[in-house]
Amino acid sequence: MSQQPLLKVDNLTRRFDVSKPWLNRMIEREPKQILTAVNQVSFEVEKGKSFALVGESGSGKSTIAKMVVNLLNPSSGHIYFDGQELSQAKGAAFKSLRRRVQMIFQDPFASLNPRWRVGDIIAEPIYAFGLESDKLKVQKTVERLLSTVGLTGRDRYKFPHEFSGGQRQRIAIARALSANPEFLVCDEPTSALDVSVQAQILNLMQDLQDEFNLTYLFISHDMSVVKHMADTIGVLYLGGLVEVNDSQQLFNQPVHPYTRMLLDAIPDHEMTGRRRTPVTGEIPNPINPPSGCPFHPRCQYANDRCKQEVPRSKAVMNSTVACFAAEEGRF
Amino acid sequence: MADTLLSVKDLVVEFPQRRGLLRALDQISFDIKRGEILGVVGESGAGKSLTGASIIGLLEPPGRVSGGTIELDGQRIDNLSTAEMRKIRGRKIGMVFQDPLTSLNPIFTIAEQLIETIQTHLKLSDKEARKQAIKLLDDVGIPAASQRIDDYPHQFSGGMRQRVVIALALAGEPELIIADEPTTALDVSVQAQIIDVLKNTCKEHGAAVMLVTHDMGVIAETCDRVAVMYAGRLAEIGPVREVIKHPKHPYTIGLMGSIPSLAHQVERLVQIPGSMPRLDAIPEGCAFNPRCNRVFDRCRTERPDLIAVEENLAACWLHAKEAGA
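Taken in order, these protein sequences are the chains called A and B.
Residue 1 is where the first sequence starts when you use the working numbering, and the numbers rise one by one after that.
Residue 1001 is where the second sequence starts when you use the working numbering, and the numbers rise one by one after that.
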């Protein structure tokens, strides 16, 4: 692993102020309320690989994605892309970084402007980043991109409403590709789609990765999709990374109790007769998280130390885990 | 058969459009036995929810049942008046909707909503109804039910709200519950809890369930039998293990292969080319024929009926040939 990672996220934290308006606070004598959406998250993604973030809603997956593409600023911590820090880059350097990192959003019904023709939607990044200004050449590029994602060149005259969900997601992918990116952040790219369409999109994304040597940051709540797509998986719980491991390893030998619980919760659609242990409890309120390890109220291995101290990520049993029970071998 | 609770025969639902009729359900036939859980799967637009809505009589106009029969307990319910249908809805057929936030009234407490529902259907005093309400909440696994019953819906989390909705559906002691994507709006870990609640409480209360979902995992965990829908038609129906392990219809085979596997690593997912046809452009013959990799001449001209293949019924001509028909 001597090669420099393409994306390095270091101690990333994001807080949101969710207080009531100032006057209400003064009258009701309430303090400010701060929600920590992402809490000291660190990970690296190597070039040409796929890194997946999984977790329940409210675990901070999408907040991390937005910070990586610079749609949100971190409260603290750093994001390095190809060795350069994202928040420090200015002017042309920033624009170039911005071009190299593109995003695919969850809902293809909301992410395409309904008043624009598909051709204009896909051409927009080409003009915005000044990659090409000759209209005819842009048109050629758009047609080439459309056929790359499995649509036809003539589709560029149509409007988004003329396409189905899966086709729209193909358009969104074509738009992301038009900037010639190296890194794609995919925020739940298939969760709005039917399984048969999901299979088409996942296959397309794998083909594109091979063809353009793309690197993916893949965000999903669906464990089977993540297993299929990712080389490395990071499990998020209440804004913190609880376990990071190689995809195969994570599924074969989950270490963190939360990872085990998530894997147990997956319905057995292949009817292999796998025993499922029922999940208990729900994700706590992030405004007022539990003390110590955020998972301790739902954890069967929790002891007094877990209730007081916050565990840090450590290498335990071939995995990187933030868990005292794993560290102390209390299983 | 004496133990058949619901019997749907050749159900046709149409929507009049400016340019002719849109046939959204085309000759759907299936039975649900007492206490059985039947899963209904398919892509969006395949007609899953519409099937549920037409059984419980909640079709949105201009949609209408224009053919076939629906029988509950041997009594036809598809031609009842609004007033008569109201007596059946809630009392004989309960409903669980997808989004637990919109199916509860935000300005009434859980107690008020539950007690009102119970008293509409059963002759109970206020005190008895309240006791019954607490028991129902207890059954669906709401901790400290006797205290939480006076809370408002917003004081419950998503998973807890869906439990309340299940309790509401059970309040009239129905014989059939139609659950339309009950776990889709929930997180994976909560999803598993709700599946268990739905399965166990319905068993305890002796209610049959028609579970509409697009999630094969949920089907595999819960159902006794499963029906696969495609373009408003029934593609295949059979015992859940048979349909999942040995699907007979090419569409079901493709659908099963397109789900990423946890048990073994596959390089590429099975991909069904193209997409489901629009309802106004369903091809002649078998609706699946343009996407099918085993299509032959008969598929393009004649529409297949459900044909018995081992334990399944599949609407596919491939099996007619084998049967020697």
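Backbone N, C-alpha and C fix where the C-beta goes; we use that ideal spot for every residue, glycine too.
{"Check": "Rounded straight-line distance, which links the Cα of A/L202 to that of A/V18", "Outcome": "36 Å"}
{"Check": "Chain A contacts from the segment 1176–1196 of chain B (Cβ-Cβ distance under 8 Å)", "Outcome": "D1187, V1188, S1189, V1190, Q1191, A1192, Q1193, I1195 and D1196"}
{"Check": "Residues in the segment 189–209 of chain A having any Cβ partner in chain B nearer than 8 Å", "Outcome": "D194, V195, S196, V197, Q198, A199, Q200, L202, N203 and Q206"}
{"Check": "Spatial neighbours of B/G1206 in its chain, beta-carbon cut-off 8 Å, leaving aside the 5 residues before and after", "Outcome": "R1034, G1035 and E1175"}
{"Check": "Start-to-end residues for the beta strand (DSSP E) that takes in B/C1223", "Outcome": "Run containing B/C1223: none; DSSP gives neither H nor E here."}
{"Check": "Local conformation of B/I1253 per DSSP, three classes", "Outcome": "helix"}
{"Check": "Inter-residue CB distance, B/N1312 and B/G1238 (contact presumed, cutoff 8 Å)", "Outcome": "3 Å"}
{"Check": "is_contact[A/S220, chain B] using C-beta, thresh 8 Å", "Outcome": "no"}
{"Check": "Rounded separation between A/K8 and B/V1041 - CA only", "Outcome": "42 Å"}
{"Check": "Short CB-CB distance (under 8 Å) between A/L214 and chain B", "Outcome": "no"}
{"Check": "Ranges of the beta strand (DSSP E) found wholly within the segment 273–328 of chain A, counting only runs of at least 3", "Outcome": "314–316 and 319–321"}
{"Check": "Close beta carbons around B/G1047, own chain, < 7 Å, minus the five adjacent residues each side", "Outcome": "A1024, L1025, M1229 and G1232"}
{"Check": "Residue range of the beta strand (DSSP E) that includes B/K1199", "Outcome": "Not the beta strand (DSSP E): B/K1199 falls in the alpha helix (DSSP H), residues V1188 to H1205."}
{"Check": "Chain B contact for A/E56 (CB, 8 Å cutoff)", "Outcome": "yes"}
{"Check": "Paired residues, beta bridge with B/P1016 - DSSP", "Outcome": "B/L1021"}
{"Check": "Near-chain A residues of the segment 1235–1262 of chain B (beta-carbon distance less than 7 Å), N- to C-terminal order", "Outcome": "R1241, I1244, K1245, G1254, L1255, S1258, I1259, P1260, S1261 and L1262"}
{"Check": "Partner residues on chain A for B/E1311, Cβ-Cβ distance less than 9 Å", "Outcome": "Near B/E1311 there are no residues of chain A at all, since even the closest Cβ is about 15 Å away, more than 9 Å."}
{"Check": "Residue burial classification, B/I1070 (beta-carbon count within 10 angstroms, cutoff 16)", "Outcome": "buried"}
{"Check": "Closest residue to B/D1078 among B/V1008, B/D1099 and B/A1185 (Cα-Cα distance)", "Outcome": "B/V1008"}
{"Check": "Uninterrupted beta strand (DSSP E) stretches inside the segment 73–152 of chain A (no shorter than 3 residues)", "Outcome": "76–81 and 101–104"}
{"Check": "Those residues which DSSP pairs with B/V1209 across a bridge", "Outcome": "B/I1037 and B/I1177"}
{"Check": "Beta-carbon proximity check, A/P5 vs A/V45, cutoff 8 Å", "Outcome": "yes"}
{"Check": "Cβ-based burial, A/K61 [other Cβ within 10 Å; buried from 16]", "Outcome": "buried"}
{"Check": "Buried versus exposed, by CB contacts within 10 Å (16 or more), B/W1317", "Outcome": "buried"}
{"Check": "Cross-chain neighbours of A/P289 in chain B, by beta carbon under 7 Å", "Outcome": "Correct list: empty, because the minimum Cβ distance to chain B is about 15 Å."}
{"Check": "Burial state of B/A1325, where buried means 16 or more other Cβ atoms lie within 10 Å", "Outcome": "Any reading at B/A1325 must be qualified, since the residue scores a pLDDT of 46, below 50, and its modelled position is unreliable; no value is offered."}
{"Check": "Spatial distance of A/V195 from A/G166 (CA atoms)", "Outcome": "10 Å"}
{"Check": "C-beta atoms of A/S76 and A/T13 nearer than 8 Å", "Outcome": "yes"}
{"Check": "Amino acids of chain A, ordered along the chain, whose beta-carbon sits closer than 9 Å to that of B/G1287", "Outcome": "Strictly speaking, residue 1287 of chain B in this sequence is Ala, with Gly absent from that position. The contacting residues do not exist; B/A1287 stays about 14 Å from chain A at best."}
{"Check": "Any chain A beta carbon closer than 8 Å to B/H1214", "Outcome": "yes"}
{"Check": "According to DSSP, residues forming a beta bridge with B/L1124", "Outcome": "Answer is none; B/L1124 lacks a bridge partner."}
{"Check": "Proximity below 8 Å, CB of A/L112 to CB of A/I121", "Outcome": "yes"}
{"Check": "Other residues of its chain near B/G1158: CB distance less than 8 Å, five sequence neighbours each side excluded", "Outcome": "P1100, L1101, A1185, L1186, D1187 and V1190"}
{"Check": "Identity of the residues DSSP links to B/I1093 by a beta bridge", "Outcome": "B/R1089 and B/L1176"}
{"Check": "Residues that B/G1271 contacts on chain A, provided the C-beta gap is smaller than 7 Å", "Outcome": "Correcting the residue type first, residue 1271 of chain B is Gln in the shown sequence and not Gly. A199, Q200 and N203, listed in chain order."}
{"Check": "Helix, strand or coil at A/N11 according to DSSP, with G and I counted as helix", "Outcome": "strand"}
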